[in-house]
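The block underneath contains the structure these notes are about, expressed in structure tokens.
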Amino acid sequence: MAQVAGDTLTFTTIDYGDVATIDFDVSSGTFATAVGTTGADAVVTFNGQTVSNAQIDGNRVSYTNNGTHASFEFQAGFNGIFNPVTISDTNVAKFTLTPEIDRRSTFSLPGVQAERLGGVSGKLSDLLSGGSLSGLGANTSGAIRVIDEALADLTLIEGRVDVTVASSSKLLEEFKGELTDVLQDLNTVDEDRQSLLLAKNQTLASTTISALSILQ
């Protein structure tokens, strides 16, 4: 993004963080240049623990710990404490993938409407005709940032779907194998022998009850 103030032209990256760079070619003329500054990734403490750099990209944070995953994005220059965040699976779909019906798997996905995809720079719906970032010109850099944020949202959703499908498929395949083994065991049962054992046990039970009656 370029800004002009008098005879000074300042370039600013669209992305944030220490990997954001700017490249430009001078087609004609000469001018003096000043060395720019290097961006820095956000420093985040979550529940008293510092989030590792591997989970931070500029002002975007992808926090994962003990089965909890949360992604959020800070406004540029933000410094301070943000409000508490509550994570709940109350209103999400749950599926039973094992014989234990009380153990359910949760599969939750955010909406993918244009009004929901994006980040602090805006939503994808802002690029529509009449939106705050519609058209090109002065809105181009902001629109690129929004598209980048929307693509990041879709990438996270795709990852969740892939992981859930892969793990569920493996679990169901193992469950299918166990059921197959049980059915094979049932098919090899000697029904005549089982009938004799049942009759023997019933006779033994009847004899025991009769003996107890005599003792009383």
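Okay, so the sequence shown: first residue is 930 according to our numbering, each after it adds one.
Virtual Cβ for every residue (Gly too), placed ideally from N, Cα, C.
Drop a sphere of 10 angstroms on the beta-carbon of residue i, count the other beta-carbons inside from all chains shown, and report buried for 16 or more, exposed for fewer.
i     : result
F1003 : buried
K1052 : buried
L1062 : buried
L1056 : buried
A934  : exposed
A1067 : exposed
S1072 : This sequence places Ala at residue 1072; Ser is not what is there. It counts as buried.
Excluding the 5 residues flanking residue i on each side, which residues of the same chain have their C-beta closer than 7 Å to its C-beta?
i     : result
A1005 : Y945, N988
L938  : A931
Output the distance between the C-alpha atoms of residue i and residue j, rounded to the nearest integer angstrom.
i     : j     : result
T967  : S981  : 20 Å
D936  : T950  : 23 Å
T993  : F960  : 47 Å
Q1131 : E1102 : 40 Å
G1129 : Q1123 : As written in the sequence, residue 1129 is Lys, which differs from the Gly given in the question. About 10 Å.
V990  : T997  : 13 Å
A963  : L1065 : 29 Å
T1093 : D1082 : 17 Å
S1096 : A971  : 33 Å
G1106 : L1100 : 10 Å
S1054 : D1114 : 59 Å
L1127 : V1111 : 21 Å
S1050 : G977  : 28 Å
T1076 : G958  : According to the sequence displayed, residue 1076 carries Ile and not Thr. Cα to Cα, the separation comes out at about 34 Å.
L1133 : T1109 : 35 Å
V1014 : N1116 : 55 Å
F1104 : D1091 : 20 Å
In chain order, what residues of the same chain lie with their CB nearer than 8 Å to the CB of residue i, ignoring the 5 residues before and after it?
i     : result
G905  : With the chain represented from 930 up to 1145, any question about residue 905 goes unanswered, as that position is not in the structure.
S1135 : none
Locate the beta strand (DSSP E) running through residue i, then write down its first and last residues.
i     : result
A994  : With the sequence shown as reference, residue 994 is identified as Asn, and Ala is not the correct amino acid for it. Here the beta strand (DSSP E) through N994 covers 989-994.
V964  : Element bounds for V964: n/a, residue is neither H nor E.
S1000 : 997-1002
T1117 : Premise fails: T1117 is in no beta strand (DSSP E) and is neither H nor E.
A1005 : Here A1005 belongs to no beta strand (DSSP E), and DSSP marks it neither H nor E.
T937  : 937-940
A934  : 931-934
So residue i packs on residue j, CB below 8 Å; how close in whole Å?
i     : j     : result
G1047 : E1078 : 5 Å
L1038 : R1089 : 6 Å
R1074 : I943  : 5 Å
A999  : I1016 : 7 Å
A969  : D947  : 6 Å
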